[in-house]
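Chains as they are written, first to last, in our numbering: chain V, 1 to 118; chain L, 119 to 508; chain U, 509 to 691.
We put the CB at the ideal spot given by N, CA and C, even for glycine.
Since the structure is predicted, the reported quantities are computational estimates derived from the model, not experimental observations.
What follows is one structure encoded as structure tokens, with my remarks underneath.
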Amino acid sequence: MLSEFAFVGVLVIFATMLPVAGLAVAWLIRPKKPNPIKQSTYECGIKTRGETWVQFRACYYVFALLFVVFDVEAAFLLPWAVAYQQLALYAVIEAIIFVAILALALIYAWRKGALRWI
Amino acid sequence: MEALIQWLVMTFPPLSEGLARFIVYVLYSAVLAFVAPVIIVVAYTYMERKVLARIQDRIGPNRAGPLGIFQGFADAIKMLTKEDVTPASADRIVFNLAPILATIAAILVFAVLPVAPGVIGADLQAGILYVVAIGALSEVAALMAGWSSNNKFALLGTFRAVAQLIAYEIPIVLAILAVVVATGSMQMSAIVAAQDIPFAVVLPVAFLIFLIASIAEIGRCPFDLLEAESEIVAGFHVEYSGMKFAFFFIGEYMHLFASAGVATTLFLGGWRGPFAGPDSLLGVLLGFVYFVIKTTAIIWVMMWVRGTLFRIRIDHLLDFAWKFLVPLGLILLVTVAIALKLPVLSTFVLRWVALLVANVMTALLMVIAVVALARRSRSAALREVAGIEY
Amino acid sequence: MTIEHATQIFAFVILTLMTLGGGLAVVTSRNLFHAALFLILSLAGVVGYYVLLDTGFLAVVQLLIYIGAISILILFSIMLTRGLMIPGQVQRNEQWWIAALVVFLIFVVLVVALWQTTWPIASEEALHTPNVAIGQLGAALVGPYAIPFEIISVLLLAALVGAIVLARELENHSARADAETGE
């Protein structure tokens with residue numbers, strides 16, 4: 001069991017080596033001629049004005065929070081799904097109640113217009 | 119993996135088991151990290167360009183080598199020798215780290231893919247959840263790329279990209295839940311072993327949800343608003359050039375193969391096929407061949423979808439995820455859970471038939487609901503705009 | 509000392525550096541975005557700890573939820589409320605030495621408490637039966653722990669409702685501010 005994660009560790013090390021090696025080779029081969037016009041921020045050919053920021057829209061945050069809620073739900077439903085075949089019907093009913101309450105959360109967000117990306 | 123390790127220990131007596139295990143791991147990791155990306159990217163970019171070209175009634179690459187098969191290498195050489203223009207105001211460390219993280223996340227998924235009978239890097243107990251978690255890691259890479267570019271377009275692109283990625287991760291997890299309920303384990307090898315009948319036949323709705331959500335997770339057409347030239351000029355990788363951009367690209371194709379591989383494992387039976395089994399070397403090789411064929415078939419379907427459908431707008435995209443796929447996934451999970459616990463099921467065949475019936479009923483229910491909702495909203499809009507009573 | 513044992517100790521040292529170093533960097537970094545990224549590094553260290561404790565499921569869930577969802581939430585809030593490249597402030601004020609003293613005292617108390625406790629150690633066969641772990645967790649969730657299981661869903665519902673109410677207030681507030689400045 002632990003040895004399987006050791007494989008993942010070894011793969012992480014090798015997987016880090018690939019992009020580093022690729023970038024190193026590219027750094028050796030490619031031309032390097034920086035000048036300030038090339039290095040200015042891209043804005044469709046015109047000069048940037050002001051700071052780089054994005055206006056706060058609460059919808060971004062609500063989507064992320066909805067994702068957290070459903071992610072935690074999935075993390076709880078997965079052990080139930082693994083144990084499913086040994087469980088009786090009442091366990092299924094309990095899980096359905098769990099899913100129904102969270103579906104209620106989704107319906108609430110939907111009806112209150114929080115799922116609109118403006 | 120275990121069989122290979124035992125064989126090594128037997129044929130080379132001075133090797134201890136720990137050392138043999140280490141050697142096998144290092145070799146397989148090197149193959150996955152260095153050989154697999156090159157082969158996958160070269161082969162599947164060529165295949166994509168040819169398939170799209172044929173759909174669009176043209177020939178595709180035919181200059182670089184016979185039938186254009188060296189096109190991938192030509193592209194690689196181009197990317198390597200391009201100048202790397204980094205904006206002066208960008209955050210250097212994070213800017214360089216983002217494509218590295220994206221590539222690492224793409225390669226790490228391969229650790230749990232059962233590519234052949236007995237050949238799986240890490241047969242984790244929570245194997246299928248590991249795949250979803252690594253997908254979540256690539257979202258962090260997207261955020262890092264967008265932020266460190268110090269560019270308004272990149273920042274906007276990042277928000278859209280991350281919103282799309284997280285919206286489509288939930289349907290994937292719900293489809294996986296349906297499969298885990300039918301299998302009883304999260305281990306990839308157990309899921310393959312449980313598919314005497316492929317789950318695509320028994321859980322077609324889950325298969326469709328998984329496929330559609332995977333296409334959206336990778337960021338391909340019809341969900342490729344993030345890189346659309348006409349919309350947001352390459353989105354969060356607008357400031358990347360040369361090899362760093364190439365690594366985002368490589369990450370996307372690796373993710374494509376990995377998603378198709380996971381879909382094959384979950385729904386098409388993985389490496390299963392006639393005469394494929396862990397007993398002999400021929401069985402192992404046949405299993406690998408079946409796996410590659412099935413994965414390529416799914417990738418071909420994804421390319422077909424790309425060549426046929428149009429790009430979807432960001433709010434439609436998010437609506438499709440949260441208001442259609444997630445409720446569909448939840449209803450599917452509930453019906454599958456109830457269907458498998460009905461007391462009428464005595465034989466093995468009846469179980470699968472019950473699952474299929476549950477899926478078909480769910481699909482019909484959703485179609486009826488969507489048609490009714492669409493008719494209602496259309497008549498409301500018509501009444502509002504033109505005063506027509508529909 | 510076998511190779512496995514040595515690798516585990518080596519991994520533990522690296523993970524401790526990641527977790528503690530990441531945590532230290534979070535509170536001392538001047539750039540807020542970098543601080544958030546160091547937080548992600550620290551959480552990744554915790555993933556490694558779960559792996560070393562042979563609970564693969566918890567490791568993957570930590571990766572999925574903390575790094576995949578909550579970190580994105582934190583990064584979103586940072587990116588939405590801060591302009592880029594504002595020269596970061598040093599994260600200290602004049603009373604830092606009092607804070608350091610209190611923290612050191614808490615540290616001493618914790619170390620003494622950890623040292624004095626006799627920790628029950630699991631038996632050998634309990635340590636080496638991972639295969640039923642997730643199934644047992646699932647059965648426990650709908651068996652003895654069914655009420656907390658349902659309460660969790662209510663808690664998540666409450667969190668979402670609260671966030672949506674707050675977000676709508678913020679939208680109204682900014683819409684009103686836009687309307688006022690627009691006139």
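Contacts of Q86 of chain V in chain U (Cβ-Cβ under 8 Å): For this step, residue 86 of chain V is matched to residue 86 along the first sequence. Close to Q86 of chain V, with beta-carbon spacing below 8 Å, are these residues of chain U in chain order: G643 and A647.
Rounded straight-line distance, which links the Cα of D202 of chain L to that of Q243 of chain L: For the purposes of this step, residue 243 of chain L is taken as the residue at position 125 of the second sequence. For the purposes of this step, residue 202 of chain L is taken as the residue at position 84 of the second sequence. Going from the Cα of Q243 of chain L to the Cα of D202 of chain L covers about 42 Å.
Nearest-angstrom Cα separation, counted from A15 of chain V out to A220 of chain L: One-based indexing of the second sequence puts residue 220 of chain L at position 102. One-based indexing of the first sequence puts residue 15 of chain V at position 15. The straight-line gap from Cα to Cα measures roughly 10 Å.
Chain L within 9 Å of I13 of chain V, Cβ atoms only: By one-based count along the first sequence, residue 13 of chain V stands at place 13. Taking Cβ atoms only, chain L reaches closer than 9 Å to I13 of chain V, which makes this a yes.
Opposing strand residues paired with V237 of chain L [DSSP bridges]: Stepping through the second sequence from its first residue, residue 237 of chain L is reached at position 119. Answer is L:A234.
Chain-ordered chain L contacts of T510 of chain U [CB-CB under 8 Å]: Sequence index remark: in the third sequence, residue 510 of chain U carries index 2 (1-based). Residues of chain L passing the Cβ test: G136.
Rounded separation between L145 of chain L and T163 of chain L - CA only: Along the second sequence, one-based indexing puts residue 145 of chain L at 27. Along the second sequence, one-based indexing puts residue 163 of chain L at 45. Linking L145 of chain L to T163 of chain L through their CA atoms gives a straight-line distance of about 26 Å.
4-residue-minimum alpha helix (DSSP H) runs that sit fully inside the stretch 176–229 of chain L, ordered along the chain: Within the stretch 176–229 of chain L, the complete alpha helix (DSSP H) segments at least 4 residues long are 189–199 and 210–226, listed from N- to C-terminus.
Contact list for A95 of chain V against chain L, beta-carbon separation under 8 Å: Here residue 95 of chain V refers to the residue found at position 95 of the first sequence. Residues of chain L with a Cβ closer than 8 Å to the Cβ of A95 of chain V are, in chain order, A455.
F277 of chain L: first and last residue of the uninterrupted alpha helix (DSSP H) it sits in: The residue labelled residue 277 of chain L in the question sits at position 159 within the second sequence. That run of the alpha helix (DSSP H) goes K270 to T301.
Chain V within 9 Å of R139 of chain L, Cβ atoms only: For the purposes of this step, residue 139 of chain L is taken as residue 21 along the second sequence, with counting starting at 1. For R139 of chain L, at least one C-beta of chain V is nearer than 9 Å to its own C-beta.
9 Å Cβ cutoff, Y60 of chain V in contact with chain L: As a first step, residue 60 of chain V must be located in the first sequence, where it is residue number 60. By this cut-off, Y60 of chain V is an interface position.
Distance cut-off 8 Å: M421 of chain L Cβ against heavy atoms of the ligand SAH: Within the structure as shown, the ligand SAH is missing, as the structure has no ligands at all.
Contact list for M304 of chain L against chain U, beta-carbon separation under 7 Å: On the second sequence, residue 304 of chain L is found 186 positions in, with the first residue counted as 1. Listed along chain U are I642, each with a C-beta nearer than 7 Å to that of M304 of chain L.
Neighbouring residues, chain L, relative to M587 of chain U (Cβ below 9 Å): On the third sequence, position 79 is the one that residue 587 of chain U refers to. For the C-beta of M587 of chain U, the chain L residues within less than 9 Å are, from N- to C-terminus, L261, G264, W265, L273, T276 and F277.
Close-in-space but distant-in-sequence residues of the same chain around I123 of chain L (CB under 7 Å, 5 per side omitted): Working through the second sequence from its first residue, we reach residue 123 of chain L at position 5. Annotation for I123 of chain L: E135, A138, R139 and V142 place their beta carbon closer than 7 Å to its own, counting only its chain and skipping 5 residues before and after.
Presumed contact (8 Å Cβ cut-off) between F228 of chain L and G239 of chain L, rounded CB distance: For the purposes of this step, residue 228 of chain L is taken as residue 110 along the second sequence, with counting starting at 1. For the purposes of this step, residue 239 of chain L is taken as residue 121 along the second sequence, with counting starting at 1. The C-beta distance from F228 of chain L to G239 of chain L rounds to 7 Å, short enough to meet the 8 Å contact threshold.
Where V356 of chain L sits in the DSSP three-state scheme: For the purposes of this step, residue 356 of chain L is taken as the residue at position 238 of the second sequence. Per DSSP, reduced to three states, the secondary structure at V356 of chain L is coil, with no helix or strand assignment.
Identity of the residue in L:V299, L:F385, L:Q305 and L:Y286 nearest R338 of chain L by Cα: Counting from 1 along the second sequence, the entry for residue 338 of chain L is found at position 220. Cα-wise, what sits closest to R338 of chain L is L:Y286.
Reference I548 of chain U; option with closest CA among U:A533, U:V559 and U:L674: To locate residue 548 of chain U, count along the third sequence from 1; it is residue 40. It is U:A533 whose Cα lies nearest to the Cα of I548 of chain U.
Minimum Cβ-Cβ distance from S550 of chain U to chain V less than 9 Å: Here residue 550 of chain U refers to the residue found at position 42 when the third sequence is read from its first residue. S550 of chain U does not count as touching chain V.
Neighbouring residues, chain V, relative to E679 of chain U (Cβ below 7 Å): Locating residue 679 of chain U in the third sequence gives position 171, counting from the first residue. Going along chain V in sequence order, the residues near E679 of chain U (Cβ under 7 Å) are A58.
Neighbour flag for I284 of chain L against chain U, beta carbons, 9 Å: Mapped onto the second sequence, residue 284 of chain L falls at position 166. So yes, I284 of chain L belongs to the interface.
Contact with chain L by I29 of chain V, beta-carbon distance below 9 Å: Residue mapping note: residue 29 of chain V aligns to position 29 of the first sequence, counting from 1. At least one chain L Cβ lies under 9 Å of I29 of chain V.
Partners in chain V for I222 of chain L, counting only beta-carbon separations shorter than 8 Å: Within the second sequence, numbered from 1, the residue matching residue 222 of chain L stands at position 104. Listed along chain V are V12, A15, T16 and P19, each with a C-beta nearer than 8 Å to that of I222 of chain L.
C-beta atoms of V323 of chain L and I290 of chain L nearer than 9 Å: In the second sequence, the residue the question calls residue 323 of chain L occupies position 205. In the second sequence, the residue the question calls residue 290 of chain L occupies position 172. With contacts defined as CB atoms closer than 9 Å, V323 of chain L and I290 of chain L fail to qualify as a contacting pair.
Environment of D314 of chain L [buried if 16+ CB atoms lie within 10 Å]: Looking up residue 314 of chain L in the second sequence gives position 196. Exposed.
C-alpha distance - A671 of chain U paired with A114 of chain V, whole-angstrom precision: Taking the first residue of the third sequence as position 1, residue 671 of chain U is located at position 163. Taking the first residue of the first sequence as position 1, residue 114 of chain V is located at position 114. Each residue's alpha carbon lies about 10 Å from the other.
Any chain V beta carbon closer than 9 Å to R676 of chain U: If you number the third sequence from 1, residue 676 of chain U lands on position 168. So yes, R676 of chain U belongs to the interface.
A621 of chain U in three-state terms, based on DSSP: Mapped onto the third sequence, residue 621 of chain U falls at position 113. Three-state DSSP puts A621 of chain U in a helix.
Chain L residues whose Cβ lies nearer than 8 Å to that of F67 of chain V: Position 67 of the first sequence, counted from the first residue, corresponds to residue 67 of chain V. Neighbours of F67 of chain V on chain L, chain order: I284, A285, E287 and I288.
Minimum Cβ-Cβ distance from G253 of chain L to chain V less than 9 Å: Here residue 253 of chain L refers to the residue found at position 135 of the second sequence. Closer than 9 Å: no.
Sub-9 Å separation of V82 of chain V and G643 of chain U beta-carbons: Taking the first residue of the first sequence as position 1, residue 82 of chain V is located at position 82. Taking the first residue of the third sequence as position 1, residue 643 of chain U is located at position 135. A contact, by the Cβ cut-off of 9 Å.
Below-9 Å beta-carbon distance, I432 of chain L vs any chain V residue: If you number the second sequence from 1, residue 432 of chain L lands on position 314. Yes, I432 of chain L counts as interfacial toward chain V.
Meets three-Cβ-pair contact criterion under 8 Å: the stretch 411–426 of chain L and the stretch 258–278 of chain L: Touching, no, given that fewer than three Cβ pairs across the two stretches are closer than 8 Å.
Nonlocal neighbours in the same chain, by C-beta distance under 8 Å from I580 of chain U, ignoring five residues either side: The residue given as residue 580 of chain U occupies position 72 in the third sequence. Closer than 8 Å at the Cβ level, and outside the excluded window around I580 of chain U, lies no residue.
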